[in-house]
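Worksheet: one structure, shown below.
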Amino acid sequence: MSESGTEKVVIIGSGPAGWTAAVYAARANLDPVVYVGVPKQDPGPVLPGGQLMLTTDVENYPGFPEGVSGPEMMMKFEEQAKRFGTRVVGEDITRCDFSSDGSPHTLHTSGGKVIKAHAVIIATGATANWLGLENEMRLARSGGGVSACAVCDGALPVFRDKPLAVVGGGDTAMEEATYLTKFASRVYVIHRRDQLRASKVMQERFMSKPNAEVLWNKVVLDVLGDEKIRAMRLQDTVTGEESELEVAGMFVAIGHTPATKFLRETGLEFDDAGYIDLKDRSSRTTIEGVFAAGDVADAKYRQAVTAAGMGCQAAMDAEHWLGAKGLN
Ligand SMILES: Cc1cc2nc3c(=O)[nH]c(=O)nc-3n(C[C@H](O)[C@H](O)[C@H](O)COP(=O)(O)OP(=O)(O)OC[C@H]3O[C@@H](n4cnc5c(N)ncnc54)[C@H](O)[C@@H]3O)c2cc1C
Numbered sequence: 368m369s370e371s372g373t374e375k376v377v378i379i380g381s382g383p384a385g386w387t388a389a390v391y392a393a394r395a396n397l398d399p400v401v402y403v404g405v406p407k408q409d410p411g412p413v414l415p416g417g418q419l420m421l422t423t424d425v426e427n428y429p430g431f432p433e434g435v436s437g438p439e440m441m442m443k444f445e446e447q448a449k450r451f452g453t454r455v456v457g458e459d460i461t462r463c464d465f466s467s468d469g470s471p472h473t474l475h476t477s478g479g480k481v482i483k484a485h486a487v488i489i490a491t492g493a494t495a496n497w498l499g500l501e502n503e504m505r506l507a508r509s510g511g512g513v514s515a516c517a518v519c520d521g522a523l524p525v526f527r528d529k530p531l532a533v534v535g536g537g538d539t540a541m542e543e544a545t546y547l548t549k550f551a552s553r554v555y556v557i558h559r560r561d562q563l564r565a566s567k568v569m570q571e572r573f574m575s576k577p578n579a580e581v582l583w584n585k586v587v588l589d590v591l592g593d594e595k596i597r598a599m600r601l602q603d604t605v606t607g608e609e610s611e612l613e614v615a616g617m618f619v620a621i622g623h624t625p626a627t628k629f630l631r632e633t634g635l636e637f638d639d640a641g642y643i644d645l646k647d648r649s650s651r652t653t654i655e656g657v658f659a660a661g662d663v664a665d666a667k668y669r670q671a672v673t674a675a676g677m678g679c680q681a682a683m684d685a686e687h688w689l690g691a692k693g694l695n
């Protein structure tokens, strides 16, 4: 913090993007403070530590040849940021006033404080949309075969040569389902209507696989199984008939909600789905001194390693920006 009481850098969010930004900012002597967020349920479960708090094995983050549990990995990220002096506050940022268009910016916290910051890094992530089934989160958190990310979890041994289901009907659902056809004995796409929203080319890519099948006009009533998913209970939207589909995994692919609602009135620019728009392939937003990193600004890749890379970029961009203004 500078002598005026204004923070040099405030980082909002404590997933891979936020902690990586903190490591870089702290090592650059910017004395960062991270607002880690408070647990919430809307639009889905959100925890300090981010989305990886909801998963068991992370096998695709470099540096962990044996894999690592999501919560353990996030604990290590936090420890590393703290080692270089990062300060941590267990609150949300509820409102931002970026109207000074330069600095300092004004942030309001869930604890009722008002803080000033020259640079702000937004790393609030995105929440996977879930179906809201009774047993869904229990089996997702325990590694019981329910997931919201096929690229993350599809290659796990537990899913090899087993029947799997993807719920959804858009391009993401097709992409996830096509990816899973490499590992699964059969991949069912469960869709509530009689046609998919996905583009024709994505549909054809999936349908061309010999182990691909779409189950039309079906909604999922629940997932069944004690420790592992055993089957899904489905209902036909036309006849009302209920049935069970035996699967070893259910992948929910009905979209993500970026955590940008609290930023709506700030003058930041967003894409149609609410992700923050970045400028010139950097972490700079359309507002001076405000940077964004990770899933909150990335509707495409949404991986821990890409989020961490963007966190590094944001801290470096913030440092350069502060330096150019003589604020570092
Ligand atoms: C079930 C599941 C399994 C996954 N498995 C893998 C995997 O194996 N490998 C992989 O690479 N990726 C995986 N992913 C994707 C990965 O988790 C994300 O890409 C990554 O976590 C994004 O990091 P992030 O820092 O951008 O945001 P997030 O991890 O979403 O973190 C955002 C943080 O911001 C905080 N926050 C939100 N709003 C506020 C606010 N207003 N004020 C303060 N804080 C706020 C939240 O509390 C949260 O801590 C998985 C995702 C899911 C859902």
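Our numbering puts the sequence shown at residues 368 to 695. Beta carbons: idealized from backbone N, C-alpha and C, even for Gly.
Member of the options whose CA lies at the smallest distance from the CA of residue i
i           : options               : result
residue 681 : 426, 543, 647 and 549 : 647
residue 454 : 640, 500, 388 and 505 : 388
residue 406 : 379, 399 and 414      : 414
residue 629 : 420, 601, 573 and 465 : 465
residue 618 : 625, 483, 443 and 547 : 547
residue 550 : 457, 559, 577 and 487 : 577
residue 563 : 542, 552 and 553      : 542
residue 529 : 516, 663, 581 and 555 : 555
residue 660 : 586, 377 and 521      : 377
residue 373 : 600, 444 and 473      : 473
residue 656 : 497, 483 and 610      : 483
residue 588 : 403, 457, 534 and 390 : 534
residue 441 : 674, 686, 667 and 691 : 674
residue 561 : 506, 408, 540 and 603 : 603
residue 649 : 625, 639, 626 and 688 : 688
Where the beta strand (DSSP E) through residue i begins and ends
i           : result
residue 625 : 623-625
residue 472 : 472-476
residue 589 : 585-591
Cα-Cα separation, residue i to residue j
i           : j           : result
residue 671 : residue 384 : 8 Å
residue 433 : residue 422 : 16 Å
residue 452 : residue 417 : 21 Å
residue 658 : residue 491 : 12 Å
residue 621 : residue 503 : 14 Å
residue 437 : residue 508 : 10 Å
residue 641 : residue 653 : 14 Å
residue 419 : residue 382 : 8 Å
residue 568 : residue 607 : 31 Å
residue 375 : residue 582 : 54 Å
residue 515 : residue 597 : 17 Å
residue 526 : residue 424 : 13 Å
residue 575 : residue 633 : 46 Å
residue 522 : residue 695 : 45 Å
Local Cβ density within 10 Å of residue i, reported as buried at 16 or more and exposed below that
i           : result
residue 479 : exposed
residue 481 : exposed
residue 720 : Any question about residue 720 goes unanswered here, given that the chain covers just 368 to 695.
residue 570 : buried
residue 524 : exposed
residue 631 : exposed
residue 429 : exposed
residue 615 : buried
residue 668 : exposed
residue 400 : buried
Helix, strand or coil at residue i [DSSP, three-state]
i           : result
residue 524 : helix
residue 530 : strand
residue 631 : coil
residue 571 : helix
residue 480 : coil
residue 597 : coil
Element boundaries [alpha helix (DSSP H), containing residue i]
i           : result
residue 547 : 538-547
residue 388 : 383-394
residue 675 : 671-691
beta-carbon residue i near ligand 2 non-hydrogen atom, thresh 6 Å
i           : result
residue 413 : Of the ligands this structure carries, namely ligand 1, none is ligand 2.
Contact with chain B by residue i, beta-carbon distance below 7 Å
i           : result
residue 635 : The structure shown contains no chain B; it holds only a single protein chain.
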